[in-house]
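Asks:
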Amino acid sequence: MFIRFGYEIGIDCPNATPMMTFLSVAKERRNAVVTERGPVASPLIPMEEITDPHHNICLRMVLPEGETRLGYDAVISDDGRLDASDPLAEAVPVEKLPPSLLPYLCASRYCETDRLSGLAWRLFGDVPAGWQRVQAISDYVHDRLVFSYGYAQAMRTALEAHEDRLGVSRDYAHLAVALCRCMNMPARYVHGYMADIGVPDSPAPMDFNAWFEVYLGDRWYTFDAKNNARRAGRIPVARGRDAADIPLMQTFGKHQLTHFTVWTSVEVDSRLSRSHHAADVSLLTPWFSETWSRHLQERDRERH
Numbered sequence: 023m024f025i026r027f028g029y030e031i032g033i034d035c036p037n038a039t040p041m042m043t044f045l046s047v048a049k050e051r052r053n054a055v056v057t058e059r060g061p062v063a064s065p066l067i068p069m070e071e072i073t074d075p076h077h078n079i080c081l082r083m084v085l086p087e088g089e090t091r092l093g094y095d096a097v098i099s100d101d102g103r104l105d106a107s108d109p110l111a112e113a114v115p116v117e118k119l120p121p122s123l124l125p126y127l128c129a130s131r132y133c134e135t136d137r138l139s140g141l142a143w144r145l146f147g148d149v150p151a152g153w154q155r156v157q158a159i160s161d162y163v164h165d166r167l168v169f170s171y172g173y174a175q176a177m178r179t180a181l182e183a184h185e186d187r188l189g190v191s192r193d194y195a196h197l198a199v200a201l202c203r204c205m206n207m208p209a210r211y212v213h214g215y216m217a218d219i220g221v222p223d224s225p226a227p228m229d230f231n232a233w234f235e236v237y238l239g240d241r242w243y244t245f246d247a248k249n250n251a252r253r254a255g256r257i258p259v260a261r262g263r264d265a266a267d268i269p270l271m272q273t274f275g276k277h278q279l280t281h282f283t284v285w286t287s288v289e290v291d292s293r294l295s296r297s298h299h300a301a302d303v304s305l306l307t308p309w310f311s312e313t314w315s316r317h318l319q320e321r322d323r324e325r326h
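Numbering-wise (the numbering used here), the sequence shown opens with residue 23 and increments by one.
1. Please classify Cys-35 as buried or exposed, where buried requires at least 16 other C-beta atoms within 10 Å of its C-beta.
2. Could you spell out where the alpha helix (DSSP H) holding Val-156 opens and where it closes?
3. So Phe-234 and Phe-245 are in contact, right, with Cβ under 8 Å, and what is the actual spacing, rounded?
4. Run the CB neighbour count on Val-156, radius 10 Å, all protein chains shown included, and call it buried at 16 or more, exposed below.
5. Do you know offhand how far Gly-88's Cα is from Asp-101's?
6. Is there at least one non-hydrogen atom of the ligand MG closer than 7 Å to the beta-carbon of Ala-180?
7. Measuring CA to CA, which of Val-284, Gly-140, Leu-270, Leu-138 is closest to Ile-79?
8. If you draw a straight line from the alpha carbon of Arg-128 to that of Arg-256, how long is it in whole angstroms?
9. So, helix, strand or coil for Ala-265, using DSSP?
10. Can you look up Asp-108 in the DSSP assignment and give me helix, strand or coil?
11. Starting from the C-beta of Asp-267, find all residues in its chain whose C-beta is less than 7 Å away, skip the five residues before and the five after it, and write them out in chain order.
12. Can you tell me which of the three DSSP states Ser-297 falls into?
13. How is the beta strand (DSSP E) around Thr-244 delimited, first residue to last?
14. Please confirm whether Ala-151 and Leu-85 have their CB atoms less than 8 Å apart.
15. Determine the extent of the beta strand (DSSP E) in which Gly-327 is found, giving its start and end residues.
16. Does the pairing of the segment 135 to 146 with the segment 93 to 110 give three or more beta-carbon distances under 8 Å?
17. Tell me the DSSP secondary structure of Asp-186 in three-state form.
18. Closest to Trp-242 by CA distance: which of Asp-223, Val-212, Ala-232 is it?
19. Out of curiosity, what's the CA-to-CA distance linking Asp-161 and Ala-247?
20. Once DSSP output is grouped into helix, strand and coil, what is the label at Val-136?
21. Rounded to the nearest angstrom, what separates Glu-71 and Thr-273 at their Cα positions?
22. Under 8 Å, do Asp-105 and Arg-252 count as touching if we go by C-beta distance?
23. To the nearest whole angstrom, what separates the beta carbons of Ala-217 and Ile-33, a pair I think is in contact under 8 Å?
24. Which same chain residues end up closer than 8 Å to Phe-169 when comparing Cβ atoms and leaving out the 5 residues on each side of it in sequence?
25. Does the distance from the C-beta atom of Met-83 to that of Met-23 stay below 8 Å?
26. For Ala-176, count neighbouring C-beta atoms within 10 Å of its own C-beta (all shown protein chains included) and say buried if the count is 16 or more, exposed if not.
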């Protein structure tokens, strides 16, 4: 199976501004990319590829004054398998964890384990440690939060998402990561591309997705509290303690986003011979969905 994916992003800067991006495919999937164009900037600027402390690929560049458009378009080969599953996977006692995993037990910018620990132990203390406990956490977060792009808020933390009972995929991932860490299971935040494979097409514009990984037994396993299902065709981009470690773009100066479009869909072959299936609107443009409108109305009626 082939998956087409990419982005078009516009950034306007009043002055020359350094920037780093976490938009490149994770190293373990690079060999599966069969065709690609970019990443490229207009106007053309040099890009330096570096590796961050979490082993992610990062691009470093200096944006000129004015608007710069960043673009990438690629096809990747995928086996179509669902996320790996092992209901018998066990949690590793903290004293036996590899030292490199210990940071994924600690609080981080968006995952306040100190403030969520009591809640976590009340909710999940009686659930067997390991896969069953992680799934219980994923179930809880999935049921607790209501999803909508209208709820996107860049500074929302895991605790705030829990109290507000709403968010986007990064909020689901942050809350699940925090709760897993509270239960002594290393957990990390992941963002990347995910097409609607094996599920009904979503009416919403395509966006980058966030999910989480938990270390059980002797490996990391993928979980997704927002969808709460094993999915096919994930294309990881970067991993970190939370979104603060791996912002899609980090500028070191004033800037304004002028365009943000993402696409991810099944492709018939590996050639970039036809136009991609981009969203009709930039994610910066207000988007209205009758489906989400009805959902919000029903939720409000239930609350009252």
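From the three backbone atoms N, C-alpha and C, an ideal C-beta is built for every residue, glycine too.
For clarity, every value in this text was computed on a predicted model and none was experimentally measured.
Replies: Per the coordinate set shown:
1. Along the sequence shown, read from residue 1 onward, the residue named residue 35 stands at position 13. By the 10 Å Cβ count, Cys-35 comes out buried.
2. Along the sequence shown, one-based indexing puts residue 156 at 134. Looking at the DSSP string, the run of the alpha helix (DSSP H) that includes Val-156 is 153 to 166.
3. In the sequence shown, counting from the first residue as 1, residue 234 sits at position 212. In the sequence shown, counting from the first residue as 1, residue 245 sits at position 223. The Cβ separation is near 6 Å, so the contact holds.
4. Translated into positions along the sequence shown, residue 156 becomes position 134. Its Cβ being crowded by 16 or more others within 10 Å, Val-156 is buried.
5. As a first step, residue 88 is located in the sequence shown; it is residue number 66 there, counting from the start. As a first step, residue 101 is located in the sequence shown; it is residue number 79 there, counting from the start. Gly-88 and Asp-101 have their C-alpha atoms some 42 Å from each other.
6. Of ligands this structure carries none, so the ligand MG is not represented either.
7. As a working note, residue 79 is residue 57 in the sequence shown. The option with the nearest alpha carbon to Ile-79 is Leu-270.
8. Translated into positions along the sequence shown, residue 128 becomes position 106. Translated into positions along the sequence shown, residue 256 becomes position 234. The question names Arg, but residue 128 is Cys in the sequence shown. Take the alpha-carbon of Cys-128 and the one of Arg-256: they are about 26 Å apart.
9. Position 243 of the sequence shown holds residue 265. Ala-265: coil per DSSP, three-state reduction.
10. The count along the sequence shown starts at 1 and reaches residue 108 at position 86. Correct three-state label for Asp-108: coil.
11. By one-based count along the sequence shown, residue 267 stands at place 245. Excluding five sequence positions before and after Asp-267, the CB atoms of its chain that fall closer than 7 Å to its own CB belong to His-76, given in chain order.
12. Start at 1 with the first residue of the sequence shown, and residue 297 comes out as number 275. Note: Ser-297 maps to coil in three-state DSSP.
13. One-based indexing of the sequence shown puts residue 244 at position 222. Note, Thr-244: beta strand (DSSP E), 241 to 245.
14. As a position in the sequence shown, residue 151 is number 129, starting the count at 1. As a position in the sequence shown, residue 85 is number 63, starting the count at 1. Contact: no.
15. No information on residue 327 is available, as it lies outside the stretch 23 to 326 that the chain covers here.
16. No, because fewer than three Cβ pairs between the segment 135 to 146 and the segment 93 to 110 fall closer than 8 Å, the two stretches do not touch.
17. Mapped onto the sequence shown, residue 186 falls at position 164. In the three-state reduction of the DSSP assignment, Asp-186 falls in the helix class, which pools H, G and I.
18. Taking the sequence shown and counting its residues from 1, one reaches residue 242 at position 220. Closest in alpha carbon position to Trp-242, among Asp-223, Val-212, Ala-232, is Val-212.
19. As a first step, residue 161 is located in the sequence shown; it is residue number 139 there, counting from the start. As a first step, residue 247 is located in the sequence shown; it is residue number 225 there, counting from the start. Linking Asp-161 to Ala-247 through their CA atoms gives a straight-line distance of about 7 Å.
20. Position 114 of the sequence shown, counted from the first residue, corresponds to residue 136. First, the amino acid is wrong: residue 136 is Asp here, not Val. If DSSP states are grouped into helix, strand and coil, Asp-136 belongs with the helices.
21. Walking along the sequence shown from the start, residue 71 turns up at place 49. Walking along the sequence shown from the start, residue 273 turns up at place 251. If you take the alpha carbons of Glu-71 and Thr-273, they lie about 16 Å apart.
22. Sequence index remark: in the sequence shown, residue 105 carries index 83 (1-based). Sequence index remark: in the sequence shown, residue 252 carries index 230 (1-based). In contact: Asp-105 and Arg-252 (Cβ atoms closer than 8 Å).
23. The count along the sequence shown starts at 1 and reaches residue 217 at position 195. The count along the sequence shown starts at 1 and reaches residue 33 at position 11. Beta-carbon to beta-carbon, Ala-217 and Ile-33 are separated by about 26 Å, too far to satisfy the 8 Å threshold.
24. Position 147 of the sequence shown, counted from the start, is the residue given in the question as residue 169. Cβ neighbours of Phe-169 beyond the five flanking positions: Leu-188, Gly-189, Val-190, Ser-191, Tyr-194, Lys-248.
25. Reading the sequence shown from its first residue, position 61 is the one you call residue 83. Reading the sequence shown from its first residue, position 1 is the one you call residue 23. For the pair Met-83 and Met-23, the CB atoms are not nearer than the 8 Å cut-off.
26. Translated into positions along the sequence shown, residue 176 becomes position 154. Result: exposed.
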